[in-house]
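Order-wise, the sequence lines are chains A and B.
Here the first sequence is numbered in this note's numbering, starting from 1 and rising by one per residue.
Here the second sequence is numbered in this note's numbering, starting from 1001 and rising by one per residue.
Glycine residues also receive a C-beta, built at the ideal position from the N, C-alpha and C atoms.
Since we're looking at a predicted model, the values are computed, not measured.
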Amino acid sequence: MKKEVSIPSGANLTAIYRELVGNYPKFFKMDTLSKLGFLLTEMLVGEEEGRFTPREDRAVLVFSRSGCLANDLNYAKSMEEEFPSPALFVYTLPNIVAGEISIRNKYEGETSAYVLEKYDRPLIDAIVRQAFQDRITRDAIVAWIDCPSDSEWTALAWIETKD
Amino acid sequence: MTKVYCIGKGLVTPLGNTVEEVFEAAREGRSRRLFERDGFSGASFFDRIAIEAAQKAIQGIEITPRTGLVLSTTKGNIEHIGKADISLAASARSIADSIGIKTSPIVVSNACISGIAALLQGVRMIRSGEYDSVVVVGAEVHSDFVHSGFDCLKALSPEPCRPFDKDRRGLNLGEAAAAMVLSAREGEWEISDGVIRNDANHISGPSRTGEGCYKCLRYVMEGVNKEDIAFISVHGTATPYNDEMESIALYRAGLSDIPVNALKGIFGHTLGAAGILEAIVSMAAFEKGIVLPTKGFSEMGVTYPVNVSAKERPAGGKLFVKLLSGFGGVNGAMVFRKGGAQ
């Protein structure tokens, strides 16, 4: 059976990080969306053999409705200050979470962020199947992370394997 | 594998709203990066230009219940943050409704490679056999939000940008909308391959070895004879790091001698529109048998050799390659082949 993991809305992400990882201080610089994607992936691949060996055959495909809206609001607030925060601005793209997952795990394959009108599992499954048209991709970390604010979200992930 | 063709094109840019007009401007080196918004009173300028580009692209093409929509953008309606629903999904819905698309719209928001990523998504949807046609729209409008962000990253050039030049000082932001209709029905241009690869290195700076960009080139070259390449339309943002990275990736892929050009000196960096806009303009250049000049370039400013020129050059070949790279470590490459040439 396919392993599917999730993080309850409003959970204490720092506590989960300390329990699962603890030695990756870049975690604290991430926006909530990236923290969620990072932790979901830890839950999925933490026990995998040969982890951290660079690989090109695993894609990271992140879906949501809200994109990076929570952090967009944080950056917009920082624009009112004398010096807006570049550290916040770099997270104002929905695909940065996929980049963080790639950096952590040395995934050098395809990474993409998709925004859909709602959690539409058949549509997500279709897009993931289509991603396997890539000649190298063998499996994919797939996540639905909808994070309209820093305190409320839906966050689930699974690994899909090419038939 | 099913061949996928571009059967319709549409442009809405500050330099004109037809492919011919925009191509001539690029050829003459005229640059204009922002729209005149005088007289615009609607709720969303972003939605409006995206819809206009899509409407132009679908002229004469039937929208069926199996037509898809893919929207490519980084920030959509961000200029209205805090004042309206700025979700990218809402924009995609408004575009789909305006042109009568019944399937669920898909937004690809993959930083500056969104255009290639969205076209690749469209290609895959056609190949899946589940869609008759897919309208791929790329759009971006200028906003204080994005401007202030690139400004605080010190990525903006105080002067017109200078891709690959030794005095390049950063990018200029631009705005535009561009659309293509993809189908298995034979058209003049085939999108024969496309790929996305991550540097797995840094979220806001390119790999020092051009890793992801090199992997993209290596991937698409599996199906391409080097001598068939008319030119490579590079990303060429004119930031110090991007252009250097591209020179390394091209060198590693054995493509340093292939003519390249960058169009950011004409349009600025149009973010989510860039891939589709620059591909459409490159198609027009190929059809006229030329490599467009790289406006802003004068003296070589990257470590590895790059065959770039400030002047128009003749081009011959069967195809061109489009490259893009972006935040989040993403890189993309796509092959556009004329008339299904083998």
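Nearest candidate by alpha-carbon position, reference residue i, set the options
i          : options                                           : result
Ala1053(B) : Leu1153(B), Pro1158(B), Ser1091(B) and Ala1176(B) : Ala1176(B)
Ile1229(B) : Ile1106(B), Asp1151(B), Gln1121(B) and Phe1286(B) : Phe1286(B)
Ser85(A)   : Asp1047(B), Lys1154(B), Asp1085(B) and Phe1040(B) : Lys1154(B)
Ala70(A)   : Glu160(A), Ala157(A) and Asp146(A)                : Asp146(A)
Gly1339(B) : Gly1289(B), Glu1188(B) and Met1245(B)             : Glu1188(B)
Val1012(B) : Lys1288(B), Val1281(B), Val1306(B) and Val1335(B) : Val1281(B)
Arg55(A)   : Ser1044(B), Cys1216(B), Val1022(B) and Ala1200(B) : Ala1200(B)
Thr137(A)  : Thr154(A), Lys162(A) and Tyr119(A)                : Lys162(A)
Ala1279(B) : Gly1194(B), Ser1044(B) and Ser1091(B)             : Gly1194(B)
Val1306(B) : Val1335(B), Asp1167(B) and Arg1252(B)             : Arg1252(B)
Val1022(B) : Asp1047(B), Ser1143(B), Met1283(B) and Arg1313(B) : Met1283(B)
Ile96(A)   : Asn1198(B), Asp1257(B), Ala1096(B) and Ile1248(B) : Asn1198(B)
Val142(A)  : Glu80(A), Ser9(A), Thr41(A) and Phe83(A)          : Thr41(A)
Ile1248(B) : Gly1272(B), Ile1081(B) and Cys1216(B)             : Cys1216(B)
Ser1183(B) : Gly1068(B), Pro1314(B) and Ala1273(B)             : Gly1068(B)
Gly1317(B) : Phe1297(B), Ile1258(B) and Lys1264(B)             : Ile1258(B)
Ser1072(B) : Ala1089(B), His1080(B) and Asp1085(B)             : Ala1089(B)
Arg1030(B) : Leu1292(B), Arg1127(B) and Ala1273(B)             : Leu1292(B)
Asp1024(B) : Arg1337(B), Glu1186(B), Leu1263(B) and Gly1275(B) : Per the sequence shown, the amino acid found at residue 1024(B) is Glu instead of Asp. The shortest Cα separation from Glu1024(B) among Arg1337(B), Glu1186(B), Leu1263(B) and Gly1275(B) belongs to Leu1263(B).
Lys1003(B) : Ile1081(B), Glu1028(B), Met1125(B) and Ile1051(B) : Met1125(B)
Gly1289(B) : Gly1272(B), Ala1310(B), His1080(B) and Phe1320(B) : Phe1320(B)
Ser1133(B) : Gly1042(B), Val1181(B) and Met1334(B)             : Val1181(B)
Ile101(A)  : Ser78(A), Glu82(A), Cys68(A) and Val60(A)         : Val60(A)
Phe89(A)   : Glu1159(B), Asp1097(B) and Thr1074(B)             : Thr1074(B)
Phe1231(B) : Glu1312(B), Ile1081(B), Glu1028(B) and Gly1010(B) : Glu1312(B)
Beta-carbon proximity check, residue i vs residue j, cutoff 8 Å
i          : j          : result
Gly99(A)   : Ile1203(B) : yes
Val1302(B) : Asp1243(B) : yes
His1385(B) : Gly1174(B) : The structure shown has nothing for residue 1385(B), since chain B only spans 1001 to 1342.
Ile1191(B) : Leu1119(B) : yes
Ile1058(B) : Ile1099(B) : yes
Arg104(A)  : Phe38(A)   : yes
Ile159(A)  : Leu44(A)   : yes
Ile1047(B) : Ile1095(B) : At residue 1047(B) the sequence reads Asp, which differs from the Ile that was named. In contact: Asp1047(B) and Ile1095(B) (Cβ atoms closer than 8 Å).
Val1141(B) : Ala1179(B) : no
Arg51(A)   : Tyr107(A)  : no
Gly1122(B) : Leu1277(B) : no
Lys1166(B) : Glu1299(B) : yes
Leu1015(B) : Arg1037(B) : no
Asn1261(B) : Val1224(B) : no
Gly1105(B) : Ala1092(B) : In the sequence as displayed, the identity of residue 1105(B) is Pro instead of Gly. Cβ atoms of Pro1105(B) and Ala1092(B): closer than 8 Å.
Pro1206(B) : Phe1297(B) : no
Residue i: contacting residues in chain A (beta-carbon distance under 9 Å)
i          : result
Cys1213(B) : By Cβ distance, chain A contributes nothing, its closest Cβ being about 12 Å from Cys1213(B), past 9 Å.
Ser1044(B) : Ordered by position in chain A, no residue passes the 9 Å Cβ test against Ser1044(B), which lies about 16 Å from the chain.
Ser1128(B) : Ala126, Arg129, Gln130 and Gln133
Where residue i meets chain A, residues with beta-carbon distance less than 8 Å
i          : result
Ile1081(B) : Asp72, Leu73 and Ala76
Cys1161(B) : Near Cys1161(B) there are no residues of chain A at all, since even the closest Cβ is about 20 Å away, more than 8 Å.
Asn1077(B) : Here the premise fails: no neighbours, minimum Cβ distance about 11 Å.
Ser1109(B) : Gly67, Leu93, Pro94, Asn95, Ala113, Tyr114 and Val115
Thr1074(B) : Leu93
Under 8 Å by beta carbon: chain B residues contacting residue i
i         : result
Ile103(A) : Ala1200, Asn1201, His1202, Ile1203 and Gly1329
Glu48(A)  : In chain order: nothing, as chain B lies at least about 16 Å away.
Pro25(A)  : Within chain B, no residue comes near Pro25(A); the closest Cβ sits about 15 Å away, beyond 8 Å.
Glu110(A) : Val1195, Ile1196, Arg1197 and Asn1198
Glu56(A)  : Arg1197 and Lys1215
Chain-ordered chain B contacts of residue i [CB-CB under 7 Å]
i         : result
Val90(A)  : Ile1203, Ser1204 and Phe1327
Ile96(A)  : Ile1203, Phe1327 and Gly1328
Ser66(A)  : Ser1087
Ala43(A)  : Looking at the sequence provided, one finds Met at residue 43(A) rather than Ala. Correct list: empty, because the minimum Cβ distance to chain B is about 20 Å.
Glu100(A) : Ile1203
Glu19(A)  : Simply none; closest approach about 25 Å.
Under 9 Å from the C-beta of residue i: neighbouring residues of chain B
i         : result
Tyr107(A) : Asn1198 and Ala1200
Ile127(A) : Ile1106, Gln1121, Arg1124 and Met1125
Amino acids of chain A, ordered along the chain, whose beta-carbon sits closer than 7 Å to that of residue i
i          : result
Val1135(B) : Going along chain A, no residue has its Cβ under 7 Å from Val1135(B), so there is no contact; the nearest lies around 16 Å.
Ala1117(B) : Ser112
Arg1093(B) : Glu117
Chain C contact for residue i (CB, 8 Å cutoff)
i        : result
Pro84(A) : Given the protein chain composition of this structure (A and B), no chain C is represented.
Quiz prompt | Residues of the segment 112-125 of chain A whose Cβ lies closer than 7 Å to any Cβ of chain B, in chain order | solution = Ser112, Ala113, Tyr114, Val115, Leu116, Glu117, Asp120 and Leu123
Quiz item: Within the chosen definition, does the segment 1315-1328 of chain B reach the segment 1231-1249 of chain B through at least 3 CB pairs nearer than 8 Å?
Solution: yes
Quiz item: According to a CB-to-CB cut-off of less than 7 Å, which residues of the segment 1146-1160 of chain B neighbour chain A?
Solution: Ser1148, Gly1149, Cys1152 and Leu1153
Practice problem: Determine contact between the segment 117-136 of chain A and the segment 1140-1160 of chain B, defined as no fewer than three beta-carbon pairs at a distance below 8 Å. | Solution: Touching, no, given that fewer than three Cβ pairs across the two stretches are closer than 8 Å.
Quiz item: Does the count of Cβ pairs from the segment 52-67 of chain A and the segment 10-26 of chain A closer than 8 Å reach three?
Solution: no
Exercise. State whether the segment 1061-1074 of chain B contacts the segment 1089-1105 of chain B, with contact taken as three or more CB pairs (one from each stretch) at a distance under 8 Å.
Key: yes
Quiz prompt | Contact the segment 113-126 of chain A vs the segment 1108-1125 of chain B: 3+ CB pairs below 8 Å | solution = Yes: the two stretches touch, three or more of their Cβ pairs being nearer than 8 Å.
Quiz item: Can we say the segment 6-21 of chain A touches the segment 147-157 of chain A, given the rule of at least three CB pairs closer than 8 Å?
Solution: yes
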